[in-house]
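K.L.:
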Amino acid sequence: MSGSPARGRVSALLLVAPLFLFLAAFFVWPLAMMIAVSVTDGTVRQVMPETASAIRSWDGSGLPPAQVQEALIADLRAPSEQMAFGDAVRRLNSEVSGFRTLLGRTASAVRDAPPGQPVDLAGIDPRWGEGRYWQALQRAMPNYTDRNLLAAVDLKRDTDGSIAADVSANRVIMVRTFTIAALVTVLCALIGLPYAMIAAASTGWVRNVMLLAVLLPLWTSLLVRTASWVILLQNEGLINKALLAVGIVDQPLQLIFNRTGVIIAMTHVLLPFMVLPIYSVLLGIPRNLMPAASSLGASRLRAFWHVLLPMALPGVASGALLVFMVALGYYITPALVGGAEDQMISSVIAFFATGTANWGMAGALGLILLVTTTALYFVYGRLSRSPNMVGA
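Numbering-wise, our numbering puts 219 at position 183 of the sequence shown, and it's gapless, one number per residue.
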């Protein structure tokens, strides 16, 4: 009998082991790789190991000693993969413009020089006589760096190591992402609260139809829903045709490939995530509270403002956090419905990951979204566990 509890625990662990393996392989490991790639920077060090070892002790003033230049010559003479060398050149060129031609010319000259013959780097290219190229080379050598994390928020490190502002669009796009997510959240709350109130107050087939209208979009592909809005919002779409037929407008409204179209489409897609939490909270509110408030002399508006709304706020807060978290990472809808000035941070992550193969920047931007979403998730979990916290 003493072995039964132990066997039961082993059986339970075996049952949940596939779930843990799935989470580790498809959730924990990708997140760990994303975090690691955002702070690692061994591209140049891998191609120039001798230079990395020699330049470590240089104080960064003037020009490096002769052994550093000899180490660089040895690294350039050593055989290396063309792709790895190209990655190192791109990394250095992002530090100081001109490294692409500088290293290409120097590598060709060094490899063509007879073995044992001294090589004058400044004679090959006078730019090797400038300290900024050597300083950039030194900054690119450490295995770990905060360069990508700083660049994700439009910051960089100067030659003296201090943090300074950088010229980039990442911060603008990040602000745009949070702005669009906030606007969509507000619109979902303004539409979702009355809709959930009507659904909770209804009975029978009316409630079923209203809930089906909310759940049906969740069962439809996001790409299909977004493509439907492309058809509806275009100049010859149903919305503009209806407005023209009624006489509200004289010419078609520009509803697509702009911010308006993005917000409309995202609000429709994310509305169920707002309605369902509010609806679940409203079902737990006794129906006799509003009549009781009216019997005590409160108007319907006053009863709603002081009785029903405070009790529904936990659902509104939970729905708002859920909608905001999901909206932050939206990619397909802004890409299909929005214009060039309406792309969100997910589009930039996709560009760095697939367009330029800059996994460090893609990981850094993804890490910012991960930290933001994780913080909001903890708030959402707190509100979900404490339904009376907001209304208290």
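Beta carbons are placed, not taken as given, at the ideal position from N, Cα and C, and that holds for glycine.
1) Would you mind working out which of PRO66, PRO154, PHE63 sits nearest ALA107, comparing C-alpha positions?
2) Could you tell me if ARG175 is buried or exposed, where buried requires 16 or more neighbouring beta carbons within 10 angstroms of its beta carbon?
3) For THR355, which residues in the same chain have their Cβ closer than 8 angstroms to its Cβ, ignoring the five residues on either side in sequence?
4) What residue from ASP161, VAL285, VAL343, VAL317 has the CA that sits closest to GLY140's CA?
5) Whole-angstrom Cβ separation of ALA301 and THR369, contact assumed at under 8 angstroms?
6) Is it right to say TRP170 is buried, meaning 16 or more other beta carbons lie within 10 angstroms of its own, or is it exposed?
7) To the nearest angstrom, how far is the alpha carbon of VAL64 from that of GLY402?
8) To which residues of the same chain is GLU86 closer than 7 angstroms at the C-beta, ignoring the five residues directly before and after it?
9) In chain order, what residues of the same chain have a beta carbon less than 8 angstroms from the beta carbon of LEU191, not counting five sequence neighbours either side?
10) Would you mind stating whether TRP265 and VAL373 have Cβ atoms separated by less than 7 angstroms?
11) In the structure shown, what three-state DSSP assignment does TYR366 receive?
12) Identify, in the order they occur along the chain, each residue of the same chain with its Cβ nearer than 7 angstroms to the Cβ of GLY365, setting aside the five sequence neighbours on each side.
13) How many angstroms separate the CA atom of ALA334 from the CA atom of PRO230?
14) Please say whether ASN294 and GLY165 have beta carbons closer to each other than 7 angstroms?
15) Note the first and the last residue of the continuous beta strand (DSSP E) segment covering ARG193.
16) If you compare alpha carbons, which of ILE234, LEU258, ILE275, ALA386 is closest to LEU291?
17) Between ASP77 and THR262, what straight-line distance do the alpha-carbon atoms span, to the nearest angstrom?
18) The alpha helix (DSSP H) with ALA14 in it runs from where to where?
19) How big is the Cα-Cα spacing for GLY134 and THR392?
20) Taking the C-alpha atoms as reference points, what is the distance between SER331 and GLY240?
21) Excluding five sequence neighbours on each side, which residues of the same chain lie with their C-beta closer than 7 angstroms to the C-beta of ALA149?
P.N.:
Taking the definition as stated:
1) Here residue 107 corresponds to residue number 71 of the sequence shown, with the count starting at 1. Comparing Cα-Cα distances from ALA107 to each of PRO66, PRO154, PHE63, the minimum goes to PRO154.
2) One-based indexing of the sequence shown puts residue 175 at position 139. Buried.
3) The residue you call residue 355 lines up with position 319 of the sequence shown. For clarity, residue 355 is Gly in the given sequence; the question names Thr instead. Excluding sequence positions up to five before and after GLY355, its CB lies within less than 8 angstroms of the CB of CYS224, ALA225, GLY228, PHE309, MET310, VAL311, LEU312, PRO313, ILE314, all in the same chain and listed in chain order.
4) Position 104 of the sequence shown holds residue 140. If we check each option's Cα against that of GLY140, ASP161 comes out closest.
5) Numbered from 1 along the sequence shown, position 265 holds the residue referred to as residue 301. Numbered from 1 along the sequence shown, position 333 holds the residue referred to as residue 369. Right, the Cβ-Cβ distance comes to about 5 angstroms (below 8 angstroms), so this counts as a contact.
6) What you label residue 170 is simply residue 134 of the sequence shown in a count that begins at 1. When all chains shown are included, TRP170 counts as buried.
7) The residue given as residue 64 occupies position 28 in the sequence shown. The residue given as residue 402 occupies position 366 in the sequence shown. Spanning the two alpha carbons is a distance of roughly 14 angstroms.
8) Looking up residue 86 in the sequence shown gives position 50. Here the set comprises ALA107, ALA110, ASP111.
9) Residue numbering aside, residue 191 sits at position 155 when the sequence shown is read from its first letter. Closer than 8 angstroms at the Cβ level, and outside the excluded window around LEU191, lie ILE199, ALA200, ALA201, ASP202.
10) Start at 1 with the first residue of the sequence shown, and residue 265 comes out as number 229. Start at 1 with the first residue of the sequence shown, and residue 373 comes out as number 337. A contact, by the Cβ cut-off of 7 angstroms.
11) Numbered from 1 along the sequence shown, position 330 holds the residue referred to as residue 366. Three-state DSSP puts TYR366 in coil, outside helix and strand.
12) The residue labelled residue 365 in the question sits at position 329 within the sequence shown. Result list for GLY365: SER382, LEU405, in chain order.
13) Taking the first residue of the sequence shown as position 1, residue 334 is located at position 298. Taking the first residue of the sequence shown as position 1, residue 230 is located at position 194. So the alpha carbons of these two residues sit roughly 20 angstroms apart.
14) The residue you call residue 165 lines up with position 129 of the sequence shown. The residue you call residue 294 lines up with position 258 of the sequence shown. No. Outside cutoff.
15) Taking the first residue of the sequence shown as 1, we reach residue 193 at position 157. Here the beta strand (DSSP E) through ARG193 covers 191-193.
16) Here residue 291 refers to the residue found at position 255 when the sequence shown is read from its first residue. Of ILE234, LEU258, ILE275, ALA386, the residue nearest in Cα terms is ILE275.
17) Here residue 77 refers to the residue found at position 41 of the sequence shown. Here residue 262 refers to the residue found at position 226 of the sequence shown. Answer to the nearest angstrom: the Cα atoms are 38 angstroms apart.
18) Residue 14 lies beyond the range of the chain shown here (37 to 428); nothing can be said about it.
19) As a working mapping, residue 134 is identified with position 98 in the sequence shown. As a working mapping, residue 392 is identified with position 356 in the sequence shown. Distance between the alpha carbons of GLY134 and THR392: 18 angstroms.
20) Taking the sequence shown and counting its residues from 1, one reaches residue 331 at position 295. Taking the sequence shown and counting its residues from 1, one reaches residue 240 at position 204. The alpha-carbon atoms of SER331 and GLY240 are separated by roughly 27 angstroms.
21) In the sequence shown, the residue the question calls residue 149 occupies position 113. The answer, listed in chain order, is VAL155.
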